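Here's the structure, in structure tokens; my notes come after.
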Amino acid sequence: MGRTLAEKLWDGHVVRSAEGEPDLLYIDLHLLHEVTSPQAFEGLRLAGRTVRRPDLTLATEDHNVPTIDQDKPIADLVSRTQVETLRRNAAEFGVRLHPLGDIEQGIVHIISPQLGLTQPGMTIVCGDSHTSTHGAFGALAFGIGTSEVEHVLATQTLPQARPKTMAVTVNGSLPAGVTAKDLVLTLITQAGTGGGQGYVVEYRGPAIEELSMEARMTVCNMSIEWGAKAGLIAPDQTTFDYLEGRAEAPKGAAWDEAVEAWQSLTTDDDAEYDAEIVLDASTMTPFVTWGTNPGQGVPLGGVVPSPEDFEERNDQVAAENALKYMGLEAGTPLRDIKVDTVFVGSCTNGRIEDLRLAAEIVQGRTVAPDTRLLVVPGSVRVRLQAEEEGLDVVFKEAGAEWRGAGCSMCLGMNPDQLAPGERSASTSNRNFEGRQGKGGRTHLVSVPVAAATAIRGTLSSPADLPPAPEKGV
Amino acid sequence: MEKFTSHTGIGVPLRRTNVDTDQIIPAEYLKRVTRSGFEDGLFAAWRNDESFVLNQPAYAAGSVLVAGPDFGTGSSREHAVWALQNYGFKAVLSPRFGDIFRGNAGKAGLLAAQVDEKVVQRLWDLVEQHPGTEVTVDLESRTVRAGEGPDAVEDSFDIDDYTRWRLLEGLDDIGITLSSEAAIEAFEKTRPAYRPRTIA
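Residue numbers (our numbering), protein chains in the order written: chain A, 4 to 476; chain B, 508 to 707.
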């Protein structure tokens with residue numbers, strides 16, 4: 004019988020396997036950031052161990068970094084200590100670091116693909132659950148905890164139980180104005196936050212093949228939000244075109260050899276998945292969350308549901324808690340919900356295509372008077388590219404705040420936070436209680452919905468906007 | 508890591524589903540560079556509410572957390588496990604755990620025991636009716652026990668064989684892997700040359 008893509012990737016990295024034990028997997032790339040690594044380095048130091056493969060390790064500063072005054076010392080002393088600890092650890096253990104101020108600095112899941120380090124057929128880990136992003140290239144990529152970070156630093160391997168495999172087949176094409184973000188939010192609401200648990204998920208089908216590399220990353224990024232171990236998309240010409248010529252991509256004969264190997268990274272026709280979900284992209288619409296987990300979503304054209312709409316008692320209780328926390332009443336049309344802050348950014352939607360899409364919508368328009376629009380590029384390179392294209396001017400003229408690169412308001416570890424009771428429309432990945440600031444209320448949305456919401460001040464899609472007064476550049 | 512064979516302690520009912528790791532410990536508490544002191548961030552938002560279970564004296568010294576399905580979803584932060592341990596928890600019972608959380612718990616020595624949803628319901632009822640009731644989690648026999656008489660709960664829990672063995676023996680994962688050094692070296696020789704390196 005044939006093998007799935009996930010099985011091929013797995014089998015290609017087994018260093019050792021034994022009955023009754025997890026497989027020992029080799030790790031091709033280990034990404035680090037300041038929050039989940041300090042205790043791992045400390046563990047190495049205490050045990051007198053070294054980093055086995057610094058040449059397969061890359062670190063950056065993203066979670067804590069401020070997005071203004073990036074040339075000044077970090078004002079929050081505890082954040083500064085954490086960032087400085089990473090700098091000391093990287094120097095001591097010989098790890099390549101892209102610190103604040105470096106042209107390659109940015110959100111770890113944005114810089115690695117951008118550098119061309121994320122390639123098909125690899126195993127990639129990071130002490131960060133959104134490592135699933137890299138699966139968009141046909142790599143097996145998943146988030147790990149700090150003990151595992153220490154393990155990978157010391158051994159370049161990780162003991163892992165073999166996961167099950169699932170196909171998410173998306174037929175049809177996404178309608179105009181409906182994005183990869185809407186696709187994955189629709190999927191998560193349908194499957195539930197635990198629906199992918201224990202599976203490596205392969206996204207496939209015509210709607211997935213049509214997505215750009217960046218949109219594929221958005222889909223794989225949110226795999227963890229429905230519990231999947233990892234998300235994957237088989238590499239194809241779109242993948243190769245994205246990679247060719249990037250700084251760390253293979254060159255010359257090595258490139259040809261690599262592409263030939265990568266072309267075999269598909270699921271065999273006669274392979275079987277342990278489970279499959281089939282979706283039709285052509286019926287999808289802009290999709291937003293109303294609750295406090297990413298599985299509590301509805302189409303933007305819908306209304307806030309009532310706890311009684313759910314069959315299971317647990318879901319009813321979760322809905323009651325969520326409505327209370329979110330300050331929402333059942334039956335309210337989503338489009339009537341007023342939003343205080345719009346956040347465009349994060350490892351989910353902080354790439355150049357996202358910023359272009361947002362700029363296209365705000366061009367010639369003005370952010371609503373009581374609404375704040377925060378645009379945070381995912382990396383320094385994304386920021387520079389956007390500035391070269393004049394997108395920063397478009398945002399600033401519309402009244403938006405244009406910031407430096409980092410995780411920013413996705414998780415509010417830096418000063419970019421919601422105030423208690425403040426409501427956001429956010430292109431990020433988690434609407435958990437307090438995620439964007441204590442007491443903050445988050446609606447997860449796509450980039451077009453975020454941009455349109457910033458203009459109207461209530462949850463909106465671009466179709467709700469009157470024509471822009473001036474034609475764009 | 509300390510060996511874990513069996514633990515008996517006060518059961519704490521957390522009547523919640525989808526307790527993500529942002530709820531277990533919010534991001535603002537993740538800035539420490541040590542492995543201790545995270546108990547102040549444990550369930551930080553909920554602890555502002557006087558009626559929250561850990562604010563009730565009968566449960567404040569609890570060490571066995573009983574939670575609804577999808578406990579520990581979301582962020583990979585191992586700080587969630589450390590916060591529970593630093594507070595005094597030795598075991599968490601739930602019908603379903605987030606994958607990364609369960610892995611982290613196994614590495615750090617917190618028992619994440621997967622139990623049937625009905626068991627959670629019965630334990631919630633029992634420890635709420637009799638606050639302070641002790642719950643025993645026996646890793647050797649993979650059983651959970653609590654109470655006496657007609658309300659008594661006794662059932663099995665799931666944990667994978669390998670994690671169970673490591674917890675029972677208190678073994679350091681890295682030490683185990685380093686005994687496969689030769690296999691790692693052999694594998695490294697087979698890696699394709701086109702794979703990227705971060706340092707030339």
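For each residue, glycine too, the CB sits at the ideal point set by N, CA and C. Note that the structure is predicted; figures quoted are calculated from it, not measured.
TODO: Determine the direct distance from the alpha carbon of residue 621 (chain B) to that of residue 514 (chain B), and round the result to whole angstroms.
DONE: 16 angstroms
Open item on the list: What does the alpha-carbon distance come out to for the pair residue 476 (chain A) and residue 398 (chain A)?
Closed with: Interpretation of residue 476 (chain A) is limited by its pLDDT of 46, a score under 50 that renders its predicted location unreliable; the figure taken from the coordinates is listed afterwards. Distance between the alpha carbons of residue 476 (chain A) and residue 398 (chain A) is about 13 angstroms.
Task: For residue 25 (chain A) and residue 159 (chain A), believed in contact at Cβ under 8 angstroms, the rounded distance - done: Actually they do not touch by this definition, with Cβ atoms about 16 angstroms apart.
TODO: Taking residue 230 (chain A) and residue 605 (chain B) to be in contact with their CB atoms under 8 angstroms, please state how far apart those CB atoms are, rounded to whole angstroms.
DONE: 7 angstroms
Open item on the list: Tell me the rounded alpha-carbon separation between residue 463 (chain A) and residue 379 (chain A).
Closed with: 20 angstroms
Task: residue 137 (chain A) (DSSP reduced to helix, strand or coil) - done: helix
Open item on the list: On a Cα-Cα basis, can you pick out the residue from A:357, A:129, A:224 that is closest to residue 452 (chain A)?
Closed with: A:357
- [ ] Note down the Cα distance separating residue 328 (chain A) from residue 525 (chain B), rounded to an integer number of angstroms.
- [x] 14 angstroms
Open item on the list: So within the segment 196–220 of chain A, which uninterrupted beta strand (DSSP E) runs reach at least 3 residues, ignoring any that extend past its ends?
Closed with: 202–207
Open item on the list: Would residue 319 (chain A) pass as an interface residue toward chain B - the criterion being a Cβ-Cβ separation below 8 angstroms?
Closed with: no
TODO: Could you check which residue in B:626, B:568, B:685 has the C-alpha nearest to that of residue 650 (chain B)?
DONE: B:626
Open item on the list: Residues of the segment 533–547 of chain B in Cβ contact with chain A at a cutoff of 9 angstroms, in chain order, please.
Closed with: 533, 534, 535, 537, 538, 539, 540, 541, 542
Task: Cβ pair count under 8 angstroms reaching 3, the segment 277–285 of chain A against the segment 309–325 of chain A - done: no
TODO: Spell out whether any CB of chain A is found under 8 angstroms from the CB atom of residue 577 (chain B).
DONE: yes
Open item on the list: Suppose the cutoff is 6 angstroms on Cβ atoms and the five residues either side in sequence are ignored; what does the same chain contact list for residue 199 (chain A) look like?
Closed with: 229, 230, 231
TODO: Closer than 7 angstroms, Cβ to Cβ, to anything on chain A: give me those residues from the segment 560–586 of chain B, in chain order.
DONE: 575, 576, 577, 580, 581, 582, 583, 584, 585
Open item on the list: My output table needs one value for residue 302 (chain A): the three-state DSSP class, helix, strand or coil.
Closed with: strand
Task: CB contact below 8 angstroms: residue 594 (chain B) versus chain A - done: no
Task: chain A contact residues for residue 520 (chain B), given Cβ-Cβ distances below 9 angstroms - done: Here the premise fails: no neighbours, minimum Cβ distance about 13 angstroms.
TODO: Using a Cβ-Cβ cut-off of 8 angstroms, state whether residue 200 (chain A) counts as contacting chain B.
DONE: yes
TODO: Quick one: which residues of the segment 664–694 of chain B get their C-beta closer than 7 angstroms to a C-beta of chain A? List them in chain order.
DONE: 667, 668, 669, 680, 681, 684, 685, 687, 690, 691, 694
- [ ] Give the range of the alpha helix (DSSP H) segment to which residue 112 (chain A) is assigned.
- [x] 111–118
Task: Three-way DSSP call (helix, strand, coil) for residue 223 (chain A) in this model - done: helix
Task: Contact belief for residue 203 (chain A) with residue 166 (chain A) at Cβ below 8 angstroms, rounded distance in angstroms - done: 5 angstroms
- [ ] Check each candidate in B:609, B:683, B:573 and name the one with the smallest Cα separation from residue 711 (chain B).
- [x] No answer is possible for residue 711 (chain B): the residues shown for chain B start at 508 and end at 707.
Task: Euclidean distance between Cα positions of residue 583 (chain B) and residue 78 (chain A) - done: 26 angstroms
Open item on the list: For a minimum of 3 consecutive residues, which ranges assigned as the beta strand (DSSP E) are wholly contained in the segment 541–603 of chain B?
Closed with: 571–574, 598–601
Task: Residues that residue 530 (chain B) contacts on chain A, provided the C-beta gap is smaller than 7 angstroms - done: 435, 436
Open item on the list: So, for residue 290 (chain A): in the same chain, excluding its five sequence neighbours on each side, which residues have a beta-carbon less than 6 angstroms away from its beta-carbon?
Closed with: 185, 188, 189, 300, 302
Open item on the list: Between residue 476 (chain A) and chain B, is any beta-carbon pair separated by less than 8 angstroms?
Closed with: Residue confidence for residue 476 (chain A) is low, a pLDDT of 46 falling below 50, so the modelled location carries little weight; the figure read from the coordinates is stated next. No - not a single Cβ of chain B is within 8 angstroms of the one on residue 476 (chain A).
Open item on the list: Please report the distance separating the alpha-carbon of residue 557 (chain B) from that of residue 104 (chain A).
Closed with: 44 angstroms
Task: Integer Cβ distance of residue 82 (chain A) from residue 417 (chain A), believed to fall under 8 angstroms - done: 7 angstroms
TODO: Give the straight-line distance between the Cα atoms of residue 292 (chain A) and residue 444 (chain A), rounded to the nearest whole angstrom.
DONE: 11 angstroms
Task: residue 334 (chain A) to residue 424 (chain A) span [Cα, whole Å] - done: 20 angstroms
- [ ] Report the three-state DSSP secondary structure of residue 129 (chain A) (helix, strand or coil).
- [x] strand
Open item on the list: I need the straight-line Cα distance from residue 587 (chain B) to residue 550 (chain B), nearest angstrom please.
Closed with: 9 angstroms
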